[in-house]
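Report on the following structure.
Chains as they are written, first to last, in the numbering used here: chain X, 1 to 365; chain A, 366 to 730.
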């Protein structure tokens, strides 16, 4: 079966060629000194895209959602108040996961398509242990200002930990973990990093580390044990935890290498330019955008399905006639919104031209 | 950096060529109908290697240890008595994980290098909810008789669920989940299945499914939600859970395809023949085996390091002069035992000849 897709939905995206080649390179063992060098360099490169000095910056062995799980499993002490800003599906999921680990969850609901309102989040509780928000909502294509949220948290007598979901932002737009005051950040490889799904880049501040749960219910994601393998223990040694997904780590290493070589600002600029070109083109086609103006992600554009157009039929024709995958809307917008991703290797003018051309044909514009 | 290894340790092993190629094939989205076909076929092929009809047979999105986590997270109700047979590192880990999820753990310790003793396991408690054991102990190279354990469990008034760790057995030696009465089985891709690390093949019997935890603390491994994506919900639809690691699933699909094409009995025979050839060759070199006679895994042979030989030096020379990785011993046997794997694509006479030749040179025999 030979199938070749242009993955222009909300992720996974097509991978950087360097990342693809590395996946099929000869496999290394997880304790091989050569692999440990690759792992160390991968963590260094992750610090670059996270814009952090956090020692505890590492790829977790699962897809993006495992990062969310690790964030709450390791930092929610039973009874902790966790304020969750919700402006889409992934905020809802954060609230679910935080509750499973014993958090007293206080949700702050926003209209889908709008960014989070920092003042409303702060007003929700006087003394939370954790405040959590999504940087780039994959369900709506909206960017929220995590830097403003982090700064505002300083107003509390005891500053809560800031958990940020950066799954769809990292590698596409700026994520400044240290400057923004992110304490626990998680991401995925399969979107703007241009690597296949299978790893969750994760970073933890020193402040958060001191407040972690010592014996979390999860063994696989126990950061205390994991850190001893990935970043070394206090005496500089490494302790085997679980078998690392070595092929995926090698691929992430190569994908990040490509990003670092191109230059992070250049990569971000490329995403911004592609997003703008797409928005302009959609506007010319008479299509209306969903996400609030001024808060639109360049890497993920949400479009209202025109009246009298069948969303699934258009997506089906794109897939079957052009090999182009775009996404349906999420949750209540499943039939009324399309999601178009221009992530990683796909953030380039030729991809935009291809998509707009196919859209023009199918919509008869 | 060009590094090419012969991975003859306890795993990961070199991958089947078909599995390697599939990793680098064009990526598919996790909701693409073409991918869902691949996923369905992968589950079918997993049923073949598990020798099960269980509808709930699927690859979990993490390395082998995530299977262990899912087993206890979804089936231990707080306060449940969990009897764990321990004859090596992975039995110890089972006890740790079962305790984290609220189980009252009763351990039955065995000497490392020996198989588990079914009568001692049964005598440990009169009414356990779960009995757990490792089929192929990766730390010692010992096979235990899971079929005998499963049959013995019928003696209880209320039969406990049987959890079996088949990480190092599946795809190498027979695993007959249904005939043996395994209720919850988990495995890894990176050993005898000949695929890179990153997925945990998992199977659940109908009896176990009825007794699962409805709302486990883990979201990522919540089998109720996961099953709706992988095997479909009761109305036949699929619900998005998390982004599946599509490249890894495609690779597992191809690796299993190779095994099914070669024939499962033939693949098992190939492992048995390679293991026997290795044991004979080691005997000729005057080396002593560690695992109890009659219970030695063909795919993982444990050898006592001779007196006056430095384990690490020999492993270093194998790696640096020959590109051959073998494993140190585990736990208390770290320096006194070597672990030699002949798994998946490595279970062939040429690999055995290569390893014995290198050993002969280095040991000066």
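Ideal Cβ positions, reconstructed from N, Cα and C, are used throughout, including at glycine. Note that the coordinates shown come from a computational prediction; the quantities given were computed from them, not determined experimentally.
Point to revise | Contact list for residue 397/A against chain X, beta-carbon separation under 7 Å | key: Going along chain X in sequence order, the residues near residue 397/A (Cβ under 7 Å) are 5 and 325.
With a threshold of 8 Å between beta-carbons, can residue 711/A be considered close to chain X, or not?
It does not: the Cβ of residue 711/A has no partner Cβ on chain X nearer than 8 Å.
> So which residues of chain X does residue 376/A contact, with C-beta pairs closer than 7 Å?
Replying inline: Identification of chain X residues near residue 376/A by a Cβ-Cβ cut-off of 7 Å yields 243, ordered along the chain.
Give the residues from the segment 246-257 of chain X that approach chain A closer than 7 Å (Cβ to any Cβ), ordered along the chain.
-> Along the segment 246-257 of chain X, the positions whose C-beta sits under 7 Å from a C-beta of chain A are 246, 247 and 248, read in chain order.
- prompt: Got a sec: is the Cβ-Cβ distance from residue 338/X to anything in chain A below 8 Å?
  reply: Output row for residue 338/X: interface = no.
Hey, out of 584/A, 384/A and 515/A, whose CA is closest to residue 94/X's CA? Cα-wise, what sits closest to residue 94/X is 584/A.
For this session: Assuming residue 121/X and residue 98/X form a contact by the criterion Cβ under 8 Å, report the distance between their Cβ atoms to the nearest whole angstrom.
Result: Rounded, the Cβ-Cβ distance is 14 Å, inconsistent with contact.
For chain D, check one thing: does any of its Cβ atoms lie closer than 8 Å to the Cβ of residue 27/X? No chain D appears in the structure shown, which is made up of the protein chains X and A.
(Q) Output needed for residue 298/X: all residues of its chain with C-beta closer than 6 Å, excluding positions within five of it in sequence on either side, in chain order. (A) 271, 272 and 275.
If you run the structure through DSSP and keep just helix, strand and coil, what is residue 584/A? In this structure, residue 584/A counts as coil in the three-state DSSP scheme.
### Task
May I have the straight-line CA-CA distance separating residue 341/X from residue 9/X, to the nearest angstrom?
C-alpha separation (whole angstroms): 5 Å.
Counting C-beta neighbours from all protein chains within 10 Å, is the total for residue 331/X 16 or more, i.e. buried, or is it exposed? For residue 331/X, the number of other beta carbons within 10 angstroms of its own is below 16, and it is reported as exposed.
From residue 338/X to residue 622/A, what distance separates their C-alpha atoms? Rounded to whole angstroms, residue 338/X to residue 622/A spans 36 Å at the Cα level.
Checklist line | Proximity winner among 90/X, 125/X, 103/X and 221/X, relative to residue 112/X (alpha-carbon distances) | finding: Nearest C-alpha to residue 112/X: 90/X.
Smallest Cα separation from residue 531/A: which of 436/A, 490/A and 594/A? Per the C-alpha coordinates, the member of 436/A, 490/A and 594/A positioned closest to residue 531/A is 436/A.
> CB-CB under 6 Å to residue 687/A, same chain, minus the five flanking residues each way: which ones, in chain order?
Replying inline: Within the same chain, residue 687/A has close Cβ partners 723.
In chain order, what residues of the same chain have a beta carbon less than 8 Å from the beta carbon of residue 349/X, not counting five sequence neighbours either side? Shown here for residue 349/X: same chain residues with a beta carbon closer than 8 Å to its own, the five before and five after excluded, namely 273, 274 and 277 in chain order.
### Message
For residue 171/X, tell me which candidate among 197/X, 319/X and 189/X has the shortest Cα-Cα distance.
### Response
With respect to the C-alpha of residue 171/X, the residue from 197/X, 319/X and 189/X having the closest C-alpha is 189/X.
Exercise. Could you tell me whether the Cβ of residue 555/A comes closer than 8 Å to any Cβ of chain X?
Key: It does: the Cβ of residue 555/A has a partner Cβ on chain X nearer than 8 Å.
Would you mind telling me which residues of chain A sit closer than 9 Å to residue 64/X, beta carbon to beta carbon, in chain order?
For residue 64/X, the C-beta contacts it makes with chain A under 9 Å involve 607 and 608, in order along the chain.
Cβ distance (whole Å) where residue 533/A is taken to contact residue 421/A below 8 Å
Between residue 421/A and residue 533/A the Cβ distance is about 22 Å, and since that is not below 8 Å, they are no contact.
**Prompt:** Would you say residue 619/A and residue 386/A are within 8 Å of each other, going by their C-beta atoms?
**Reply:** A contact, by the Cβ cut-off of 8 Å.
- Message: Spatial neighbours of residue 512/A within its chain, please: C-beta separation below 6 Å, excluding the five flanking residues on both sides.
- Response: Taken in chain order, the residues that qualify are 545.
Item to complete: List the residues of chain X whose Cβ lies closer than 8 Å to the Cβ of residue 563/A, in chain order.
Response: Residues of chain X passing the Cβ test: 61, 198, 245, 247 and 248.
Task: Endpoints, the beta strand (DSSP E) within which residue 597/A is located - done: In this chain, residue 597/A is not harboured by any beta strand (DSSP E), its DSSP state being neither H nor E.
If we ignore side chains and look at the alpha-carbon of each, how far apart do residue 130/X and residue 108/X end up?
For residue 130/X and residue 108/X, the distance between alpha carbons rounds to 13 Å.
Who are the near neighbours of residue 197/X in its chain, counting only those whose CB is closer than 8 Å to its CB and skipping five residues on each side?
Same-chain partners within the cutoff: 11, 12, 63, 64, 188, 189 and 190.
In chain X, what lies closer than 7 Å to residue 582/A by C-beta?
Here the neighbours are 100, 101 and 217.
Between residue 439/A and chain X, is there a C-beta pair that is closer than 8 Å? At a cut-off of 8 Å between beta-carbon atoms, residue 439/A makes no contact with chain X.
Which term fits residue 4/X, buried or exposed, when burial requires 16 or more other beta carbons within 10 angstroms of its beta carbon?
Result: exposed.
Kindly provide the ranges of any beta strand (DSSP E) runs that are 3 or more residues long and lie completely inside the segment 391-437 of chain A, ordered along the chain.
Runs of the beta strand (DSSP E) inside the segment 391-437 of chain A: 421-425.
Problem - Contiguous alpha helix (DSSP H) assignments of at least 4 residues, all confined to the segment 153-180 of chain X - result: Entirely contained in the segment 153-180 of chain X, the alpha helix (DSSP H) runs reaching 4 residues are, in chain order, 177-180.
**Prompt:** If we cut at 8 Å on Cβ distances, does residue 388/A have a partner in chain X?
**Reply:** Closer than 8 Å to the CB of residue 388/A there is at least one CB belonging to chain X.
Problem - Anticipated Cβ contact below 8 Å, residue 577/A with residue 440/A, distance rounded - result: Yes, residue 577/A and residue 440/A are in contact; Cβ-Cβ is about 6 Å, under 8 Å.
Item checked: Three-way DSSP call (helix, strand, coil) for residue 644/A in this model -> The answer is helix: DSSP assigns residue 644/A an H, G or I state.
Does the beta carbon of residue 462/A come closer than 8 Å to any beta carbon on chain X? Yes, its Cβ sits closer than 8 Å to a Cβ of chain X.
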